[in-house]
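**Student:** Below is a structure I'd like to ask you about.
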Amino acid sequence: DNSAGTSGAGGEVFLRSTGAGDITLGGAITASGGAATGAGNNGGAGGVVTLNAANGSILINAAIDVSGGTSALATQGNAGTVQLSTAGATGAITQTGETATTAILAKGGTTGSLAVVSATGDVTLTNDSNDVSKLAGNVVSTGKFLRYTDANALDIDTVTAAGTLGAPSTTAALPGRSE
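The letter at position 165 of the sequence shown is residue 830 when you use this note's numbering, and the numbering goes up by one with no holes.
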């Protein structure tokens, strides 16, 4: 019952592939905060989305949205965090498309974050509609690159690992994560 016009926080999505093979995102993941409609109620906080390919690549063909929920009469909720991590012989991270339907979104009242780790491959996230406030990246292999395009202002900074869903200690490659 939302008759009071309050909002809820976005959820947490953890997708991990441990066998050989890639993660291909063919449908949108939305973990955004709920919208507030009541007087003085803030929008809900965005959630956390983590994609971890332990022995393959990540191909993003659809949107990932962890934005804070809107509020008609108060403050938009805080944005969440997107975490992308690959390993294995061909651990690239690639985004297709140039529209909001394939963008990475983390907009909200305070910093929304994107943490990217690629142990062996290139990172290409060049959708002009991507919109996060803070990016942290780690491309481990020599000669590989990280390319990122954002719709507006962007800070390059440390992104603390987020989420409460557990994983084996082999996912410790995310910046700020210590398992």
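We put the CB at the ideal spot given by N, CA and C, even for glycine. These figures come from a predicted structure and were not determined experimentally.
My guess is that Gly753 and Thr785 are in contact by the Cβ rule of under 8 angstroms, so how many angstroms apart are they, rounded?
**Tutor:** 6 angstroms between Cβ atoms; contact.
**Student:** Would you mind stating whether Ser736 and Ala701 have Cβ atoms separated by less than 9 angstroms?
**Tutor:** Yes; because the gap between Cβ atoms is below 9 angstroms, this pair is in contact.
**Student:** Is it a yes or a no for the stretch 712-720 touching the stretch 789-808, going by three-plus beta-carbon pairs under 8 angstroms?
**Tutor:** The stretch 712-720, when compared against the stretch 789-808, does not touch it at the 8 angstroms Cβ threshold.
**Student:** Under 9 angstroms between the Cβ atoms of Tyr846 and Val782?
**Tutor:** Because the chain spans 666 through 844 in this model, residue 846 falls outside it and cannot be assessed.
**Student:** DSSP three-state label for Ala780, please.
**Tutor:** Three-state result, Ala780: strand.
**Student:** Buried or exposed: Asn817, going by 16 or more other Cβ atoms within 10 Å of its Cβ?
**Tutor:** Exposed: under 16 other Cβ atoms inside 10 Å.
**Student:** Can you grab the Cα-Cα spacing for the pair Ala693 / Ile821, in whole Å?
**Tutor:** Computed Cα separation, rounded: 26 angstroms.
**Student:** Any idea if Leu690 is buried or exposed, counting beta-carbon neighbours within 10 angstroms, 16 or more meaning buried?
**Tutor:** Leu690 comes out buried.
**Student:** Less than 8 angstroms between the CB atoms is what I'm expecting for Gln748 and Ile725, so what's the real figure, rounded?
**Tutor:** Not really, about 13 angstroms apart at Cβ, beyond 8 angstroms.
**Student:** Out of Gly675, Phe679, Gly734, Val678, state which residue places its alpha-carbon closest to the alpha-carbon of Gly703.
**Tutor:** When each option's Cα is compared against that of Gly703, the closest is Gly734.
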